[in-house]
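Okay, so the sequence shown: first residue is 63 according to this note's numbering, each after it adds one. Idealized CB from N, CA, C, for every residue including glycine. The structure displayed is predicted, hence computed values, not measured ones.
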Amino acid sequence: MIRIKYKTLAVGLLLLLVFLLAVYVELPSKLLEWKRYDAVLKYFPRSSQAPDALYWAAESEAPNPGDGRMFIFHNSSSYSLAGTVSSQGMAYAREKLERLIAEYPGYVLAEQARWKLALIYFAAKEYDRAEPLFRSMADNGKQDGRSKEAAAYAQLLASRRGAEERGAATTPSLQGKVVIGDRPAAGLVVALHRKADSSWMYPPYGRYPMAMTDDAGSFRFYDVPEGEYEAGVGADPAELSGYYLSDLGSETVTIRSGATADYDLRFVPQVKVVQPTNKEVIASGRFEFSWEPYPGAASYKLSIAALEFGEDGKPQGVSSIPLDEAWTEPRAEYDLETLRTYRRGLSKSFSQNEVWIGSSGILGIVYPGGHFVWSVDAFNDRGERISSSRGYYTSLNGSEPFFSVSDKGQLPGDKLVLQGDYKGAIRAYESEGDNPYALRALAIMALDGIEPGDRGDKAKALAYLRRLPNPAPFDLELIRSASERN
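Right, here's the structure in full:
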């Protein structure tokens, strides 16, 4: 029988209690370190680590709660992946930030929390909640970048109330309306970009003159410097699904001091394509494109874009090439031979150790083993584009006009080009003798080189091109260009 003295037992229990107390005191810090933020908030809601847990829980779910707007101009569009935080992640972050600001207003990162919460409200189009937060940060007396950016957001949100915010006597520099289909579009952002500027910075807030449409879809700009501008619309891609920014009218607007310019932006229904779609594989060498007739269209023109894929196998970019032929009926036919010898752009980019050359530049607009999207533009009898099948948000999920070409006829060099192994492709093509596809690919790679600092060998390119038995018009252009540059 084991005998334990009461004094020894008491000491042991006391030590155990001290140990458990130490664990209890240290556990919140450890859970925070292990990023178990919800555990901290559940079991230790009043601990000194609770505000940190609230802030970093929100940060983990929505590190960059962008609004996800795509900005559409007549000749370009830009989209930020910052808007890809899930709705569940945004809701989770919102709840944590609202609680943090309400319960711990003096928290060391409270200002950052307010900023993040204001962005979440802005993305959710809860403008009446976002505006006072932005305004409070703009009026905090600081002259830092965050305060200036907050002021830009606050001013943008105030613009949706128009003249009442500035006084009825104020003359706008520009006014107009945004219409999607037959409905005025409220809560969209209109941005002005100087025609002479070649770049576009994203996110654009605070960088360009901007205004928000009111409930009637109307917008107004004030105090815009004189000049020629392009006007674009910032909207959630889902809002523009099935619509295209009409090209009818001027693509630019001129702002003059003391005068009000009028300019509307109208999104019209897209042209609807019929075939090929849904990743259809074409093996015949004949391409039959068709689409629904568009009201008021006198002719149509096609564009084809070759998909480029990243190392993860996902599409990461396209190179779109317009075709010259005008079609009066809602259908068009091409063959593989014609498209492979069609005029196309040549692109080469490189980092310090890696070169990337656009596959379509080497292989043709369409080539065996490739994947493509296509679009059709509709023109009226004056040659003005009135609509297009091109959308502004391409998820390439199978519902797009996305087709593939079977790898029948694919040369070994073609496959190496698609893998980015240009040296291996050259060796493979040189073994093909006078195969015109191989000669053309060799000439194109020789023209600008395949190394980062390589400026190409024009004489070598000419030698390959002059071996072509029946040069196409594009081949003759390459010969002329290589001769001039040589």
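Figure out for me which residue from the options has the closest Cα to the Cα of residue i.
i           : options               : result
residue 365 : 387, 356 and 330      : 387
residue 289 : 548, 435 and 315      : 315
residue 285 : 526, 278 and 271      : 271
residue 287 : 317, 502, 280 and 424 : 317
residue 419 : 384, 99, 439 and 504  : 504
residue 526 : 513, 516, 494 and 309 : 494
residue 172 : 195, 394, 93 and 249  : 195
residue 311 : 136, 116 and 528      : 136
residue 279 : 223, 299 and 332      : 223
residue 517 : 547, 119 and 113      : 547
residue 529 : 422, 464, 424 and 502 : 502
residue 360 : 298, 342, 524 and 391 : 391
residue 335 : 152, 363 and 170      : 363
residue 211 : 112, 250, 265 and 535 : 265
residue 303 : 470, 445 and 134      : 134
residue 342 : 273, 432 and 269      : 432
residue 168 : 113, 202, 189 and 292 : 113
residue 370 : 466, 188 and 500      : 466
residue 389 : 442, 368 and 338      : 442
residue 282 : 440, 105 and 220      : 220
residue 260 : 291, 247 and 246      : 291
residue 189 : 208, 201, 205 and 217 : 217
residue 424 : 540, 313, 446 and 319 : 540
Considering residue i, what are the terminal residues of the beta strand (DSSP E) in which it resides?
i           : result
residue 290 : 289 to 297
residue 337 : 335 to 337
residue 391 : Where residue 391 is concerned, there is no enclosing beta strand (DSSP E), given that its DSSP letter is neither H nor E.
residue 315 : 315 to 317
residue 177 : Counting along the chain, residue 177 falls outside any beta strand (DSSP E), though it belongs to the alpha helix (DSSP H) covering 172 to 185.
residue 419 : 417 to 419
In angstroms, rounded to a whole number, what distance separates the CA positions of residue i and residue j?
i           : j           : result
residue 296 : residue 252 : 6 Å
residue 496 : residue 254 : 53 Å
residue 491 : residue 242 : 51 Å
residue 382 : residue 427 : 9 Å
residue 305 : residue 435 : 18 Å
residue 531 : residue 399 : 14 Å
residue 475 : residue 537 : 19 Å
residue 430 : residue 97  : 49 Å
residue 161 : residue 109 : 15 Å
residue 257 : residue 91  : 55 Å
residue 542 : residue 506 : 13 Å
residue 461 : residue 520 : Residue placement at residue 461 cannot be trusted, given a pLDDT of 46 that sits under 50; what the coordinates show is reported in the next sentence. Their backbone Cα atoms lie some 43 Å apart in a straight line.
residue 355 : residue 333 : 8 Å
residue 275 : residue 294 : 12 Å
residue 309 : residue 329 : 9 Å
residue 349 : residue 488 : 29 Å
residue 422 : residue 393 : 24 Å
residue 545 : residue 524 : 7 Å
residue 458 : residue 340 : At residue 458 the pLDDT is 44, less than 50, meaning the model places this residue with poor confidence and gives no usable figure here.
residue 144 : residue 351 : For residue 144, the pLDDT reaches just 47, beneath the cut-off of 50, and the residue's location in the model is therefore unreliable, although a value from the coordinates is still provided. In a straight line, the C-alpha of residue 144 is about 35 Å away from that of residue 351.
residue 85  : residue 148 : Note that residue 85 scores 48 on pLDDT, short of 50, meaning its location in the model is unreliable and no value can be drawn from it.
residue 498 : residue 472 : 13 Å
residue 406 : residue 298 : 32 Å
residue 154 : residue 481 : 41 Å
residue 192 : residue 176 : 10 Å
residue 158 : residue 117 : 7 Å
residue 186 : residue 249 : 11 Å
residue 396 : residue 353 : 15 Å
residue 277 : residue 345 : 51 Å
residue 268 : residue 215 : 7 Å
residue 439 : residue 448 : 8 Å
residue 93  : residue 204 : 35 Å
First and last residue of the alpha helix (DSSP H) that includes residue i?
i           : result
residue 486 : 484 to 492
residue 506 : 498 to 510
residue 209 : 207 to 220
residue 122 : 112 to 123
residue 479 : 474 to 481
residue 195 : 189 to 200
residue 526 : 520 to 527
residue 164 : 149 to 165
residue 516 : Element bounds for residue 516: n/a, residue is neither H nor E.
residue 470 : Looking at the DSSP string, residue 470 is not in any alpha helix (DSSP H), and its letter there is neither H nor E.
Between residue i and the ligand NAD, is the CB less than 7 Å from at least one heavy atom?
i           : result
residue 477 : Ligands are entirely absent from the displayed structure, and the ligand NAD is therefore not among its contents.
Checklist line | contact_flag[the region 322 to 341, the region 231 to 240] where n(CB pairs < 8 Å) is 3 or more | finding: They touch, by the three-pair rule.
Checklist line | Given 8 Å, three or more beta-carbon pairs between the region 179 to 195 and the region 116 to 132 | finding: Contact holds between the region 179 to 195 and the region 116 to 132, because three or more Cβ pairs, one in each stretch, are under 8 Å apart.
Notebook entry, point to check: Should the region 445 to 454 be regarded as contacting the region 401 to 419, the criterion being three or more beta carbon pairs within less than 8 Å?
Noted result: In short, these stretches do not touch, since the Cβ pair count stays below three.
Checklist line | alpha helix (DSSP H) segments (min. 4 residues) lying fully within the region 233 to 303 | finding: Runs found: none.
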